[in-house]
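Novice: Below is one structure. I have some questions about it.
Protein chains in written order, with this note's numbering: chain A, 155 to 265; chain B, 16 to 125.
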């Protein structure tokens, strides 16, 4: 069965900390995505990657970076966490132009 | 103007009625269109995908696409209380970006 795994379901960090959110997929998908979801704002694209070591900025990349060293793993990095980055983070993967498969999400709280 | 727009709702319909969810998008080069359902506290799950103009039916769900009007809709026939959720419209642009609308909350009353 299809699986996208996010490393943590809940995470609490302090402002200024460097935060790593990990995502692994077992479907050999080329595309991987990071979204954040906030009430009333829907899902907003942070970054996506269409191949190993390739990345594209989404609509809200400021304050974030990503890493894709292997096809199955896509990491989201908050270089210096801030309170406005408190959110639900969703990772997803897909084949080219096909549907997204989502992970279960990471609820990040930055205090 | 948002790239993908939906009415946030809530949309309330009685059990057994037809629920109609609408979405407009701004990029004429968009290639693929999706409807996702999201229950509270859960991740989105795909209901329908549509790639060409016209209607596509799957059980109680019908997706409609009109590229000239930049409009995509989802009809849910014989709505059930279990259909109560947030419905997300997603549009894939040329280059691979998949952009979501803000979602429409649907409530089906018994």
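Every residue gets a Cβ at the ideal spot worked out from N, C-alpha and C, and that includes glycine.
If we cut at 8 Å on Cβ distances, does residue 167/A have a partner in chain B?
Specialist: If you number the first chain from 1, residue 167/A lands on position 13. No - not a single Cβ of chain B is within 8 Å of the one on residue 167/A.
Novice: So, at 6 Å on beta carbons, what are the nonlocal neighbours of residue 54/B in its own chain, with the 5 sequence-adjacent residues on each side left out?
Specialist: For the purposes of this step, residue 54/B is identified with residue 39 of the second chain, where counting begins at 1. Only 100 meet the Cβ criterion.
Novice: Helix or strand or just coil, what does DSSP make of residue 238/A?
Specialist: As a position in the first chain, residue 238/A is number 84, starting the count at 1. Reduced to three states, the DSSP call for residue 238/A is helix.
Novice: Could you have a look at residue 96/B and say whether DSSP puts it in helix, strand or coil?
Specialist: Taking the second chain and counting its residues from 1, the one referred to as residue 96/B is at position 81. Three-state result, residue 96/B: helix.
Novice: Step through the CB atoms of chain B and report whether any lies within less than 8 Å of the CB of residue 253/A.
Specialist: Position 99 of the first chain, counting from 1, holds the residue named residue 253/A. Yes, because at least one Cβ of chain B sits closer than 8 Å to the Cβ of residue 253/A.
Novice: Show which residues of chain B have a CB atom less than 9 Å away from the CB atom of residue 151/A.
Specialist: The first residue shown for chain A is 155 and the last is 265, placing residue 151/A beyond what the model contains.
Novice: Taking DSSP's pairing of strands, which residues face residue 205/A in a bridge?
Specialist: Position 51 of the first chain, counted from the first residue, corresponds to residue 205/A. 208/A.
Novice: Just to confirm before moving on: does the CB-CB distance between residue 191/A and residue 197/A stay below 8 Å?
Specialist: What you label residue 191/A is simply residue 37 of the first chain in a count that begins at 1. What you label residue 197/A is simply residue 43 of the first chain in a count that begins at 1. Yes, the pair counts as a contact, with Cβ atoms nearer than the cut-off.
Novice: For a cutoff of 8 Å on Cβ pairs, would you count residue 204/A as touching chain B?
Specialist: What you label residue 204/A is simply residue 50 of the first chain in a count that begins at 1. With 8 Å as the cut-off, residue 204/A counts as an interface residue toward chain B.
Novice: Considering only the beta carbon of each residue, do residue 173/A and residue 235/A sit closer than 8 Å?
Specialist: Residue 173/A sits at position 19 when you count from the first residue of the first chain. Residue 235/A sits at position 81 when you count from the first residue of the first chain. Contact flag set, yes.
Novice: For my contact list, residue 28/B and residue 88/B are in at a C-beta cut-off of 8 Å; report their separation, rounded to the angstrom.
Specialist: Against the second chain, residue 28/B aligns to sequence position 13. Against the second chain, residue 88/B aligns to sequence position 73. In fact, because the Cβ distance is near 15 Å, the residues do not count as touching under 8 Å.
Novice: From residue 230/A to residue 161/A, what does the alpha carbon distance come to, in whole angstroms?
Specialist: The residue labelled residue 230/A in the question sits at position 76 within the first chain. The residue labelled residue 161/A in the question sits at position 7 within the first chain. In a straight line, the C-alpha of residue 230/A is about 11 Å away from that of residue 161/A.
Novice: Taking a contact to mean a Cβ-Cβ separation below 8 Å, would you say residue 163/A touches residue 261/A in this structure?
Specialist: Sequence index remark: in the first chain, residue 163/A carries index 9 (1-based). Sequence index remark: in the first chain, residue 261/A carries index 107 (1-based). Result yes, Cβ atoms of residue 163/A and residue 261/A sit closer than 8 Å.
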